[in-house]
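Following: one structure in structure tokens, then a few remarks.
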Amino acid sequence: MANTIEQTIINFVKGGDNSDVALLDKVLHQDFRVTNNGFMGTPGVTIIGKEKYLQNIRDGIFGGLPRKMEIETIAQSGNIAMVKLRLESAENHFVSYNSLVLDIDNEWRIVNNLAVVEAKN
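Residue numbers (numbering that gives the first Met the number 0): 0 to 120.
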């Protein structure tokens with residue numbers, strides 16, 4: 000049975016929290032990108048492709064910390080969807096907008112993750 004939009008997002012978060020590259024590889028579209036403005040203190044826009052993102056997970060640069068997750072909104076039109084997500088780890092607050100497509104194998108996949116990460120005080 001195909002994943003729902005919600006399950007795809009849950010798997011995305013779980014994959015990051017657990018550094019599970021295999022799970023992430025299944026829910027990320029081949030053209031997946033992370034887009035961030037002010038990423039880790041660097042000025043301007045940073046875009047990271049799927050392979051670099053998965054390598055950063057493998058290397059422990061991203062992920063590995065459990066986060067509380069709240070899906071705020073899911074908006075779907077046919078075979079595309081947008082999900083707004085709030086996450087909280089021991090270190091950071093995240094607001095994440097995720098664009099999804101229903102892929103040719105009838106599975107929802109994340110194409111873009113647009114996120115703001117703020118350190119907790």
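Glycine is no exception: its CB is placed at the ideal position from the N, C-alpha and C atoms.
Residues near residue i in its chain [Cβ-Cβ closer than 7 Å; skip 5 each side]
{"i": "Val-20", "result": "Leu-53, Ile-56, Arg-57"}
{"i": "Lys-83", "result": "Glu-71, Thr-72, Tyr-96"}
Euclidean distance between Cα positions of residue i and residue j
{"i": "Val-116", "j": "Asp-30", "result": "22 Å"}
{"i": "Leu-23", "j": "Thr-41", "result": "25 Å"}
{"i": "Gly-14", "j": "Ile-46", "result": "20 Å"}
{"i": "Asp-102", "j": "Glu-69", "result": "25 Å"}
Reduced DSSP category for residue i - H, G, I as helix; E, B as strand; rest coil
{"i": "Lys-125", "result": "Outside the displayed range of the chain (0 to 120) lies residue 125, so it cannot be described from this structure."}
{"i": "Thr-7", "result": "helix"}
{"i": "Gly-48", "result": "strand"}
{"i": "Asn-55", "result": "helix"}
Paired residues, beta bridge with residue i - DSSP
{"i": "His-92", "result": "Glu-87, Glu-117"}
{"i": "Val-82", "result": "Ile-73, Asn-97"}
Cβ neighbours of residue i in the same chain (closer than 6 Å, five flanking residues each side left out)
{"i": "Thr-7", "result": "Val-26, Trp-107"}
Q. Can you give, in chain order, each stretch of the beta strand (DSSP E) that sits fully within the stretch 17-44 and has at least 3 residues?
A. Entirely contained in the stretch 17-44, the beta strand (DSSP E) runs reaching 3 residues are, in chain order, 27-36.
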